[in-house]
């Protein structure tokens, strides 16, 4: 069964500028699906709509058009979802300090969702469960951490707690939006390993939003590359790294700093500019070093080039 | 030629609660055309070291001991007037938070021009304009940015403006303090390329402060690894990244995933940075170190220096196995 299926999803944000109405096309006609237990990485630069996509799927934001299905059940069209569906879809955000109430102890912040969803019959049982999870996360003695406030803990610890908070509800689907980009590398590795262990134990599917290719390919089974609201390439993580097809993916990879190899960078023109008018051709056309005539006229569609490797580019197909 | 020599430098902050040892006994040298990368976790004293070299430390900080020789002069001894004359002309800095570094009420062009009029007042208006435009092109910004106010720019554009501003007087030495951290990979790559060109063509010398080892591997020829204010390891890029000696450097490299090596495990470093307010015995890294022996908790390892490569660790033979 597909955990998440997205069909032609669009999100336009209205913008008023000089008395005229414009739309920022944050997510524009995106379709993909996530299988049970699969981890899909969403890769892209800032402003490509990857976070908006995360909010749309975790139902914090209403779509402009399109459908989202969660285990074959339609969840789009409304933000009023059954409590149980809400429990099954969880979200981890970038800044852990912002996602905890500074006036609650972290234990209380973990307890409240359990109360809401009536997991466990009384608070003592819930607390015991939280302790158990905390110990698993390496936060021991748990009784000690339970009473602390977010500001008393380090970023890595609070982020681990926010992963815990999501995992305590036993979700089927998890959206992790840049969940380790604020942490130091030395701490990051542990938090990632912890998240992956948890996800594989409970067979949770995950959407891992990141701008870091190394991290994305380390974590995910499949990677979706986005550019200005559009999906430009979908492939297995290993495939993306070994054999990137879309010019944008190739450029992105060539610019990513790596430790052990000197690679040639593919030159790129200009910089990302938000689209106000609906573009006629490919969105990457003006910056693309390989662009042809038809690129400026026809918007390329996602085409399957090899099995499981989809690319939206005229030049490649 | 030696551009910078830091000799047994210690910088401390005075706080109500006590003294913070931000930089402890750090020594290293930077030659002409070197690009030295300083890596370390947040709170390891990288930025304090940079501010110290620029003499821009806040008033509650003081130099405990040590010397900083910049272009052969001891900047802790020469009068502030002389430093002011040279700062931004001979040496400059790109600050971490560009939003806070630019004035919100002046146009970008005016702010850059100010740096030119103060340090090179003899230039004609035309010449100044030419230089500003050249600087803008160098960081891949459209010329309209000169007429814009900071709030009209995106974070990446502001960061590039800061880089243009720091290079406007053709300095010989620039410190980039997390200058590309907030940028997208492509923009970051472009700026690193520009800096590389400046080093090759104009003989620029630079210090790159970052926590991204990938960036260091991309641009630097020497690396300094800092931890809790101390220099753990210093040497050429090849030596430090490909043949690390210090357990901290090794652990840091292990925690960094690399997409060219799929399937490789990553491993974090257990524990956290020590409380900088507390004084400690022995090696600072010992509580988090895999190789720590009894001696590590009792005595502080001395810096072992061989042919410009420095490392402070007791258990080198153990670690390199």
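Protein chains in written order, with this note's numbering: chain A, 190 to 506; chain B, 549 to 869. For each residue, glycine too, the CB sits at the ideal point set by N, CA and C.
- Ranked by how close their Cα comes to the Cα of residue 830 of chain B, the residues B/810, B/689, B/776 and B/679 have B/776 in first place.
- Within the region 323-392 of chain A, the complete alpha helix (DSSP H) runs of at least 4 residues fall at 331-335, 344-357 and 374-390.
- Taken in chain order, the unbroken stretches of alpha helix (DSSP H) that lie wholly in the region 213-259 of chain A and span 4 residues or more are 239-246.
- Using a CB distance cut-off of 7 angstroms, residue 413 of chain A does not count as an interface residue toward chain B.
- Going by C-alpha positions, residue 209 of chain A is about 15 angstroms away from residue 467 of chain A.
- Three or more beta-carbon pairs separated by less than 8 angstroms are not found between the region 675-695 of chain B and the region 612-631 of chain B, which leaves the two stretches without contact.
- With the criterion set as a beta carbon lying under 7 angstroms from some beta carbon of chain A, the region 822-833 of chain B has no members that meet it.
- A straight line joining the alpha-carbon of residue 303 of chain A with that of residue 393 of chain A spans about 18 angstroms.
- Residue-level contact check: residue 365 of chain A does not touch chain B, since none of the beta carbons of chain B fall below 7 angstroms from its beta carbon.
- Annotation note: the region 392-434 of chain A contains the following uninterrupted beta strand (DSSP E) runs of length 3 or greater, listed N- to C-terminal: 394-399, 411-416 and 419-425.
- Contact between residue 471 of chain A and residue 489 of chain A holds: their C-beta atoms lie close to 5 angstroms from each other, under 8 angstroms.
- For residue 772 of chain B, there is no enclosing alpha helix (DSSP H); the residue is found in the beta strand (DSSP E) stretching over 770-775.
- Between residue 420 of chain A and residue 807 of chain B, the C-beta gap is not smaller than 7 angstroms, which leaves the two residues out of contact.
- Residue burial annotation: residue 192 of chain A is buried, with at least 16 other C-beta atoms found within 10 angstroms of its C-beta.
- Not one beta carbon of chain B lies nearer than 7 angstroms to the beta carbon of residue 331 of chain A.
- In the DSSP assignment, residue 469 of chain A falls outside any alpha helix (DSSP H), carrying neither H nor E.
- According to the DSSP assignment, residue 686 of chain B belongs to the alpha helix (DSSP H) that extends over 673-686.
- Under the 10 Å beta carbon count, residue 759 of chain B is surrounded by 16 or more other beta carbons and is classified as buried.
- In the same chain as residue 753 of chain B, and ignoring 5 residues on each side of it, the C-beta atoms closer than 7 angstroms to its own belong to 551, 578, 580, 581, 582, 720 and 721, in chain order.
- For residue 404 of chain A, the closest Cβ of chain B is nearer than 7 angstroms.
- DSSP places residue 585 of chain B in the strand class (E or B) of the three-state scheme.
- Taking 7 angstroms as the threshold, the shortest C-beta distance from residue 378 of chain A to chain B falls below it.
- The alpha-carbon of residue 485 of chain A is positioned some 13 angstroms away from that of residue 478 of chain A.
- DSSP lists A/365 as the bridge partner or partners of residue 281 of chain A.
- In the structure shown, residue 194 of chain A adopts extended strand secondary structure according to DSSP, grouped into three states.
- Note: residue 779 of chain B is bridge-paired with B/774 in the DSSP secondary-structure output.
- With a contact defined as Cβ atoms closer than 8 angstroms, residue 196 of chain A and residue 252 of chain A miss out at about 11 angstroms.
- Within chain B, the residues whose beta carbon sits less than 8 angstroms from that of residue 430 of chain A are 807, 808 and 810, listed in sequence order.
- Per DSSP, reduced to three states, the secondary structure at residue 292 of chain A is coil, with no helix or strand assignment.
- At a cut-off of 7 angstroms, the C-beta of residue 446 of chain A has a neighbouring C-beta in chain B.
- Going by DSSP, residue 853 of chain B is part of no alpha helix (DSSP H) but of the beta strand (DSSP E) stretching over 852-854.
- Scanning its chain for C-beta atoms nearer than 6 angstroms, with the 5 sequence neighbours on each side dropped, one finds around residue 640 of chain B the residues 714, 719 and 722, in chain order.
- Note on geometry: alpha-carbon atoms of residue 734 of chain B and residue 599 of chain B lie some 28 angstroms from one another.
- Scanning the region 551-631 of chain B from its first residue to its last, the whole alpha helix (DSSP H) runs of 4-plus residues come out as 594-601.
- Residues of chain A whose Cβ lies closer than 7 angstroms to the Cβ of residue 815 of chain B are, in chain order, 378.
- With a threshold of 7 angstroms between beta carbons, residue 766 of chain B makes contact with chain A.
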